[in-house]
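Quick note on numbering: the sequence shown equals residues 82 to 306 in our numbering.
Ideal Cβ placement from N, Cα and C applies to all residues, glycine included.
Quantities reported herein were computed from a predicted structural model and do not represent experimental measurements.
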Amino acid sequence: MAINLQKGQKIDLRKDSGEKLTSFCVGVNWGAIETMKKGFFGTKKVIEDVDLDLSCILTDENGQLVDYIYSPDYNAFLQKSNLPLGKLTTTGGALKHSGDDRKGDTGGDDGLDNEIIAVNLNLLPSNVSKIFFFINIYLNPGQNIDFSKIPYAKIRMYEGTSTRVEKVHSQYDIVTDASYGGKGALVLGKLYKRNGDWKFDAIGEPTADKIFIQTIQTILNNFAK
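Right, dumping it as structure tokens:
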């Protein structure tokens, strides 16, 4: 049975059999904003796309950045800022991102994750001791969205691939916490190594960051050391 995580909860990465969980997916699933509006010809459904971006950074035991994943869609901005360009796979292939979803589900939860990072802990460099997962709301022109306006958003860890769920290990409902209202970024949680074993901490900390580069700095300053 999947573990329903609470904010701040820490769990071991083990299967029901007791075997270590080393290869799995971290997926985020969310819905577009759907409202009914009255018009001249009656009531119609209006759909507002929601673009959440799932990213992660890898750090060493001293909290220094080792590697990262974030969307290449930001590369035009990053080039102007002389910052490292976005990529969907870490060096060595330990983590792989499924790609950007800019809309969210319509017509209710389809049960599939919109953005997924596949993780293979066995491929990690030996100096990596923490992996932080975080999401940012990308606002299109004219949008004013925070987590309180998104109908649902969930994170889960499961065995399988980016296109097939075999067994859900743990899950965490993001938007049920009232403290997320008014915020557009969220530090979801971290994988961390202790005494040779990997564990997961459901951090669930919202931030006022406007863009993912700020969230990376927030993590390095407040959570990585």
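{"Check": "For E142, collect the residues of the same chain with a Cβ closer than 6 Å to its Cβ; drop the 5 residues on either side in sequence, then sort them by chain order.", "Outcome": "S210"}
{"Check": "Helix, strand or coil: how does DSSP classify Q224 here?", "Outcome": "coil"}
{"Check": "On a Cα-Cα basis, can you pick out the residue from T299, W111, L146, V131 that is closest to N195?", "Outcome": "W111"}
{"Check": "What's the C-alpha gap between D186 and G89?", "Outcome": "28 Å"}
{"Check": "Give me whichever residues DSSP pairs with G270 in a beta bridge.", "Outcome": "F214"}
{"Check": "Is D182 buried or exposed, if buried means 16 or more other CB atoms sit within 10 Å of its CB?", "Outcome": "buried"}
{"Check": "Return the residue from the list I84, E100, T244, I92 that minimises the CA-CA distance to D282.", "Outcome": "I92"}
{"Check": "State the Cα-Cα distance for the pair D254 and C106, rounded to the nearest angstrom.", "Outcome": "16 Å"}
{"Check": "Determine the direct distance from the alpha carbon of G174 to that of E129, and round the result to whole angstroms.", "Outcome": "35 Å"}
{"Check": "Helix, strand or coil for F105, going by three-state DSSP, please let me know.", "Outcome": "strand"}
{"Check": "Are A305 and T140 close, meaning C-beta to C-beta below 8 Å?", "Outcome": "yes"}
{"Check": "Can you check which of these residues, V127, K125, K96, T244, is closest to S179 by C-alpha distance?", "Outcome": "T244"}
{"Check": "On the DSSP bridge list, what partners appear for T172?", "Outcome": "DSSP output for T172 lists no bridge partner at all."}
{"Check": "Run through DSSP, which three-state label would Q252 get?", "Outcome": "strand"}
{"Check": "Given a threshold of 16 other Cβ atoms within 10 Å of its Cβ, counted over all protein chains shown, does D132 qualify as buried or as exposed?", "Outcome": "buried"}
{"Check": "Taking the beta carbon of V127 as the centre, do at least 16 other beta carbons fall within 10 Å, making it buried, or is it exposed?", "Outcome": "exposed"}
{"Check": "Could you have a look at Y233 and say whether DSSP puts it in helix, strand or coil?", "Outcome": "coil"}
{"Check": "Which residues bound the beta strand (DSSP E) around K125?", "Outcome": "123-129"}
{"Check": "Let me know if F158 comes out buried or exposed under the rule of 16 or more other beta-carbons within 10 Å of its beta-carbon.", "Outcome": "exposed"}
{"Check": "What's the C-alpha gap between G192 and N221?", "Outcome": "25 Å"}
{"Check": "Report the residue from G277, G262, I236 whose alpha carbon sits nearest the alpha carbon of I284.", "Outcome": "I236"}
{"Check": "Please name the residue in V249, K248, I216 whose C-alpha comes closest to that of A234.", "Outcome": "I216"}
{"Check": "Do three or more CB pairs link the region 152-172 to the region 266-273 at distances below 8 Å?", "Outcome": "no"}
{"Check": "Tell me the DSSP secondary structure of D154 in three-state form.", "Outcome": "helix"}
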